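From first to last, the protein sequence lines stand for chains A and B.
Here the first sequence is numbered in the working numbering, starting from 358 and rising by one per residue.
Here the second sequence is numbered in the working numbering, starting from 29 and rising by one per residue.
Working notes, structure below.
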Amino acid sequence: MLSFIKNIFKQDDHSSRRQANDRLRVVLAHDRAGTSSELMETIQEEIIQVIAKHMDIAGKPEVNFIREGRHSALDISIPIKGR
Amino acid sequence: MEKNQSKGEAIVVTSGKGGVGKTTTVANLSTSLAEMGYKVAVMDLDIGLKKLDLILGLENRVIYDIVQVIEGECTLKQALVKDKRFPGLSMLPAAQTRNKDDITPEQVQQVCESLKEEFDYVFLDCPAGIEQGFKNAIAAADKAIVVTNPEISAVRDADRIIGMLESAQYNDINLLVNRVQNDMVKSGNMMSIEDLTEHLCINLLGIVPEDKNVLISTNKGEPIILNQRSQAAQAFNNIAHRISGEDVPFLQLEDVSFWSKLRGLGRSFLPTR
């Protein structure tokens with residue numbers, strides 16, 4: 358949460374420090390979970406297929422890593438079409 | 029100086045990536061603690077690529093090495109090189125013509141346990157990488173210092189190392205950030221200490237600024253803590269005091285011009301650490 362707020366304030370900042378931090382965040386999340394971005398895409402596609410079997414999906418689902426300390430979690434967001 | 033329990037503490041200094049300052053850290057923390065009056069042993073575990081003897085300026089006094097101790101060619105006592113400048117400091121050299129597979133984690137553990145009987149602190153200088161040499165080094169220690177630089181690949185390697193230390197049941201893992209350039213952090217071109225602790229999520233033990241004096245000391249074979257004008261020396265001395273259990277505030281890294289002024293001022297009335 359804190360890093361989210363920080364990110365908002367840092368938005369205009371295109372410094373190399375910012376780029377290093379952004380790249381590290383992604384790389385460390387994948388390193389820790391032992392995954393790659395291709396695997397993320399596979400997981401995303403498979404989850405969408407399962408959901409799509411039963412519900413109508415609206416828009417693009419997203420799969421992201423969230424970090425809590427040294428632990429990572431998968432954050433999956435799938436917009437569902439309303440009636 | 030109340031560290032006289034039955035057994036000393038073994039500290040592994042590791043990093044994953046090479047060239048971040050592991051050996052420099054070991055040399056300076058050990059000399060600093062020895063100067064404070066503790067009995068300190070350093071084990072160079074970079075077998076085949078030894079450096080610690082050179083950094084400490086003890087390369088001409090090496091007779092035996094750790095592999096010979098393990099293989100029974102000499103006693104541990106014979107192999108230990110005493111530093112004449114710091115009576116409390118002894119170094120167990122690495123073997124230059126052997127390799128890391130010639131010793132096992134169990135053997136390192138045995139040597140380390142014997143050293144802990146006699147010394148207050150035993151530093152294990154871990155080789156770069158995550159192979160056999162790393163496994164040998166982490167088998168024996170009670171706590172770990174992970175050295176990194178504010179540089180993206182060094183931080184990634186540090187993260188990997190921290191994960192491996194956690195898997196090896198370490199619960200006392202500390203971060204030492206070396207070669208920080210505060211002017212670059214300020215101009216947005218270097219990750220800050222806060223950035224690094226946010227990425228790595230472990231206890232911050234110390235911050236060492238980039239300092240040309242480190243190379244100069246290395247050239248001479250003198251540990252930098254002897255150089256009272258050096259910011260890095262002050263940082264290493266602070267860290268040594270923290271290791272001994274003192275609560276020392278972190279250095280506020282400022283621009284060099286400010287620093288040189290402060291140093292001149294500081295020496296006149298501040299106690300030197």
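Positions of the beta carbon are idealized from the N, C-alpha and C atoms, including for glycine.
Here the structure is a predicted model, which means the values were calculated and not measured.
Using 8 Å for Cβ pairs, my map puts residue i next to residue j. What's the rounded Cβ distance?
i: TYR350 (chain B); j: TYR66 (chain B); result: Residue 350 (chain B) is absent from the model: chain B starts at 29 and stops at 301.
i: ARG270 (chain B); j: GLY44 (chain B); result: Contact doesn't hold; Cβ gap of about 23 Å is too wide.
i: ALA260 (chain B); j: VAL236 (chain B); result: 5 Å
i: ILE433 (chain A); j: ILE414 (chain A); result: Rounded, the Cβ-Cβ distance is 12 Å, inconsistent with contact.
i: PRO178 (chain B); j: LEU224 (chain B); result: 6 Å
i: ARG457 (chain A); j: CYS229 (chain B); result: Any property of residue 457 (chain A) remains undetermined from this structure, which presents chain A solely from 358 to 440.
i: VAL48 (chain B); j: ALA182 (chain B); result: 5 Å
i: ARG184 (chain B); j: VAL383 (chain A); result: Contact doesn't hold; Cβ gap of about 11 Å is too wide.
i: GLY116 (chain B); j: ALA62 (chain B); result: 4 Å
i: LEU204 (chain B); j: ILE173 (chain B); result: 5 Å
i: VAL175 (chain B); j: ASN206 (chain B); result: 6 Å
i: GLY216 (chain B); j: SER372 (chain A); result: 3 Å
i: ASN255 (chain B); j: ASN265 (chain B); result: The pair is not a contact, with the Cβ atoms about 11 Å apart (cut-off 8 Å).
i: LEU104 (chain B); j: VAL136 (chain B); result: LEU104 (chain B) to VAL136 (chain B), Cβ: 12 Å. No contact.
i: ARG126 (chain B); j: GLY76 (chain B); result: 6 Å
i: ILE221 (chain B); j: ARG380 (chain A); result: Incorrect: roughly 18 Å between the Cβ atoms, too far for contact.
DSSP three-state call for residue i: helix, strand or coil?
i: ASP211 (chain B); result: helix
i: ARG89 (chain B); result: helix
i: GLU274 (chain B); result: coil
i: THR42 (chain B); result: strand
i: ASP239 (chain B); result: coil
i: LEU108 (chain B); result: coil
i: ILE190 (chain B); result: helix
i: MET29 (chain B); result: Confidence is the limiting factor: at MET29 (chain B) the pLDDT is only 47, short of 50, which leaves the residue's position unreliable and the question unanswerable from this model.
i: HIS428 (chain A); result: strand
i: ILE433 (chain A); result: strand
i: THR59 (chain B); result: helix
i: SER296 (chain B); result: The predicted position of SER296 (chain B) is uncertain, since its pLDDT is 48 and thus under 50; no value can be drawn from it.
i: ASP72 (chain B); result: strand
i: ASN265 (chain B); result: helix
i: VAL230 (chain B); result: Just to set this straight, residue 230 (chain B) is Ile in the shown sequence, not Val. Three-state result, ILE230 (chain B): coil.
i: ASN247 (chain B); result: helix
i: GLU222 (chain B); result: helix
i: VAL54 (chain B); result: helix
i: VAL48 (chain B); result: coil
i: LEU77 (chain B); result: coil
i: LEU82 (chain B); result: helix
i: LEU203 (chain B); result: strand
i: SER285 (chain B); result: In this predicted model, SER285 (chain B) has a pLDDT of only 49, less than 50, meaning its place in the structure is not dependable enough to derive any value.
Do we get a CB-CB distance below 7 Å when we pair residue i with the residues of chain D?
i: ASP223 (chain B); result: In the displayed structure, chain D is absent; the protein chains listed are A and B.
Exercise for review: Would you be able to state if there are at least three C-beta pairs under 8 Å between the stretch 134 to 154 of chain B and the stretch 57 to 75 of chain B?
Suggested key: yes
Exercise for review: Could you name each continuous alpha helix (DSSP H) segment of 4 residues or more that falls completely within the stretch 366 to 404 of chain A, going from the start of the chain to the end?
Suggested key: 373 to 390
Exercise for review: Name, going along the chain, the residues of the stretch 411 to 434 of chain A whose beta-carbon falls closer than 8 Å to a beta-carbon of chain B.
Suggested key: GLY426, ARG427
Practice item. Quick one: which residues of the stretch 369 to 390 of chain A get their C-beta closer than 8 Å to a C-beta of chain B? List them in chain order. Key: In summary, the residues of the stretch 369 to 390 of chain A whose CB is separated from some CB of chain B by less than 8 Å are ASP370, SER372, SER373, ARG374, ARG375, ALA377, ASN378, ARG380, LEU381, ARG382, VAL384, LEU385, ASP388, ARG389, in the order they occur in the chain.
Exercise for review: Run through the stretch 97 to 172 of chain B for me and flag every whole beta strand (DSSP E) of 3 or more residues, listed as ranges in chain order.
Suggested key: Qualifying beta strand (DSSP E) stretches, in chain order: 117 to 120, 149 to 153.
Practice item. State whether the stretch 116 to 135 of chain B contacts the stretch 412 to 431 of chain A, with contact taken as three or more CB pairs (one from each stretch) at a distance under 8 Å. Key: no
Check your understanding: Is the number of C-beta pairs between the stretch 83 to 92 of chain B and the stretch 36 to 50 of chain B that are closer than 8 Å three or more?
Key -> no
Review point. Okay, do the stretch 69 to 83 of chain B and the stretch 113 to 127 of chain B touch, 3+ Cβ pairs below 8 Å being the bar?
Key: With the rule of 3 Cβ pairs closer than 8 Å, the stretch 69 to 83 of chain B counts as touching the stretch 113 to 127 of chain B.
Exercise for review: Scan the stretch 137 to 156 of chain B for residues whose Cβ lies nearer than 9 Å to a Cβ of chain A and list them as they occur along the chain.
Suggested key: none
Review point. Is the stretch 232 to 246 of chain B touching the stretch 401 to 411 of chain A, taking contact as three or more C-beta pairs under 8 Å?
Key: no
Exercise for review: Taking only beta carbons into account, state which residues of the stretch 226 to 246 of chain B come closer than 9 Å to chain A, listed in chain order.
Suggested key: GLU226, HIS227, LEU228, CYS229, ILE230
Review point. Along the stretch 164 to 188 of chain B, what residues have a CB closer than 7 Å to any CB found in chain A?
Key: ILE180, VAL183, ARG184, ASP187, ARG188
Exercise for review: Would you list, in chain order, the members of the stretch 186 to 209 of chain B that have their beta-carbon closer than 8 Å to a beta-carbon of chain A?
Suggested key: Closer than 8 Å at the C-beta level to chain A, one finds these residues of the stretch 186 to 209 of chain B: ASP187, ARG188, ILE190, GLY191, GLU194.
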